[in-house]
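One structure is given below, encoded as structure tokens.
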Amino acid sequence: MTKRFIFIFAASCSLWTRAVAGPMPADSTGSVNCQYPMEEALSLTVPSYMDGVLVASPWADNWFVGVSGGASAFLGKPLGCEDLFGRLQPSWAVSVGKWFTPHIGSRVGWQGGKFKDGALDTRDFHHYHTDLLWSVRGEQRKDGSPAKWSLVPYVGVGLLHHKSNSQKQFALSYGIQGRYRIAGRLSATLKLGGCTTFREFDGYGKSGQWGDRFLALSAGLSVTIGKTGWKRAVDARPYVCRNEWLVRRSEALAGANRRYASRHEKDGRIIRELRKILELEGLLDKYGWPEDSLYGCGTGNSGNDYSGLNSLMARLRNRHWNGMDPLALPGDTVGGKEFADTWQGPDMADVQDSTVMAGVSNRTDARSIRQPANPDGGYMDIPVYFFFELGTTDLTEPSQGINLDALAHVIIRHGLHVTVTGAADSMTGTEEINDRLGRARAEYIARELVRRGVAPDWIEKADIGGISDYTPLEGNRHTQVRLFIPR
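One gets our numbering by counting positions in the sequence shown from 1 and adding 1103 to each.
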């Protein structure tokens, strides 16, 4: 019998646990497809609450203690020769419980007193029980205030103890209780209930059959302990809707940022290429370039430096200066007519000595650089670089073709000769592949210059294979074009 009681008590405890975890509507926090106005999205969201949905109370809240007293009657089988009123005996009850939600609670209690058995002898009994409570009206109103009165049916399991014959029988308890709130924590209770057990409880019935019953009517007081009331459940749908709108908005802004960044990068490349054209035409020093830092000119991969050519042109322009007259104003540089004329003058040899590059240094990896020494004239310190994709002869940017147009224009206009030197990234590929790739890149630039009108015999081609001279590594995948003045 004791094992049976323990099993049913464990089942009752599992019912309490299910009562605490109240059901949540499946779509209360689901995905909500909504349109969110901009003004509302940028304003502070005021919490809203779900109708009729409350949060289960924490463990320390909404406890109650109740005491009651009244009369009980034992109705057994055999019944005995006595009516109901002749069987009434005093009884008392004490209980402790907790409301998990406004509608569901549980309690453990004790009830004891006297009863008349089948022989109409007065005996003592004790009833230990645990009950599951269900408040029909709820213990809290919709506005959050405690309910004034409530009606609470209950069912439970317990153990009946016959003090005289030491019988301990499993019992089912049931009943209904009315509650009326007198003050904030104090309520009056009126209970009509009973319990049913086996017939052998009083010692006169058949064992193993249900039949002995107690009926009780009692009144008492109940006091609430701890914090009272329940919090209303916040409606998450406005927050879900706002979050989805913000995600879509951020994705749209990120897409716009990517488009603008691409456009800005393209504009920057165009401006840098135009700047190179102005340098080649000698207009940059004359008019200035106030936006050097705007698009990162002079940073990143090796750029083109035309200061040597401009210095050479200034010296050529003033080669007959007698030391007394004012110097000519720096009006024309690379693109001026005066400079084109002076390059054909008889005194060119006097100024070439200071601009000739006396060869190039040996490679640090002991590989000799396969560049022509160019005995016919002097190099001008104006290297122009064209960068290629990894392992190909494709320019990284088609806009580099603007440099080719400008170079061809300057070469043809001033009768310059060209050295085209191809290179590859030594960090990728073998030595044989890099040598072949360097030659192919030099051939590509040479063909492009010829296609733009440069005479083939003005172009000398070379390659230096794989190098690792520049950072980032992409800077090593280039072809270098250098101009020199023929004798």
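Don't be surprised by glycine CBs; every beta carbon is placed ideally from N, CA and C.
{"Item": "Look up residue 1563 in the DSSP assignment and give the residues it is bridged to.", "Value": "1522"}
{"Item": "Taking the continuous beta strand (DSSP E) assigned at residue 1277, which residues delimit it?", "Value": "1271–1284"}
{"Item": "Under three-state DSSP, which class holds residue 1313?", "Value": "strand"}
{"Item": "What do you reckon, are the CB atoms on residue 1337 and residue 1152 nearer than 8 angstroms?", "Value": "yes"}
{"Item": "I want to know whether the stretch 1582–1590 touches the stretch 1521–1534 - three or more CB-CB distances under 8 angstroms.", "Value": "yes"}
{"Item": "Check the DSSP bridge columns for residue 1298 and list the partner residues they point to.", "Value": "1276 and 1317"}
{"Item": "With H, G and I counted as helix, E and B as strand and the rest as coil, what does DSSP make of residue 1578?", "Value": "helix"}
{"Item": "Which value, in whole angstroms, describes the spacing of the CA atoms of residue 1323 and residue 1255?", "Value": "15 angstroms"}
{"Item": "Assign residue 1219 to one of three DSSP states: helix, strand, or coil.", "Value": "strand"}
{"Item": "Span of the beta strand (DSSP E) holding residue 1262?", "Value": "1252–1265"}
{"Item": "Nearest to residue 1310 by alpha carbon, out of 1273, 1219 and 1238?", "Value": "1273"}
{"Item": "Taking just the CA atoms, how far does residue 1555 sit from residue 1576?", "Value": "30 angstroms"}
{"Item": "Just checking, does the stretch 1504–1516 make contact with the stretch 1547–1561 on the three C-beta pairs under 8 angstroms criterion?", "Value": "yes"}
{"Item": "Taking the alpha helix (DSSP H) that residue 1188 falls in, what are its first and last residues?", "Value": "1187–1190"}
{"Item": "If you reduce the DSSP assignment to three classes, tell me which class residue 1180 lands in.", "Value": "coil"}
{"Item": "Could you check if residue 1194 is buried or exposed, using at least 16 other CB atoms within 10 Å of its CB as the buried criterion?", "Value": "buried"}
{"Item": "When burial is assigned at 16 or more other CB atoms within 10 Å of the CB, is residue 1259 buried or exposed?", "Value": "buried"}
{"Item": "Compute the distance between the beta-carbons of residue 1317 and residue 1287, then report whether it is under 8 angstroms.", "Value": "no"}
{"Item": "Can you tell me the Cβ-Cβ gap for residue 1204 and residue 1159, rounded? I've got them flagged as a contact below 8 angstroms.", "Value": "6 angstroms"}
{"Item": "Just to confirm, is the Cβ distance from residue 1538 to residue 1497 under 8 angstroms?", "Value": "no"}
{"Item": "Can you name the start and end residues of the beta strand (DSSP E) that residue 1087 belongs to?", "Value": "As shown, the chain starts at 1104 and ends at 1590. That puts residue 1087 outside it, with no answer to give."}
{"Item": "Let me know if residue 1196 comes out buried or exposed under the rule of 16 or more other beta-carbons within 10 Å of its beta-carbon.", "Value": "buried"}
{"Item": "What is the rounded straight-line gap between the Cα of residue 1492 and the Cα of residue 1346?", "Value": "43 angstroms"}
{"Item": "Between which two residues does the alpha helix (DSSP H) holding residue 1540 run?", "Value": "1534–1554"}
{"Item": "The ligand ADP and residue 1492: does the residue's C-beta get closer than 7 angstroms to at least one heavy atom of that ligand?", "Value": "Absence of the ligand ADP is noted for the structure shown, with no ligands found whatsoever."}
{"Item": "Please report the residue range of the alpha helix (DSSP H) in which residue 1510 lies.", "Value": "1504–1517"}
{"Item": "Are there 16 or more other CB atoms within 10 angstroms of the CB of residue 1262, so buried, or fewer, so exposed?", "Value": "buried"}
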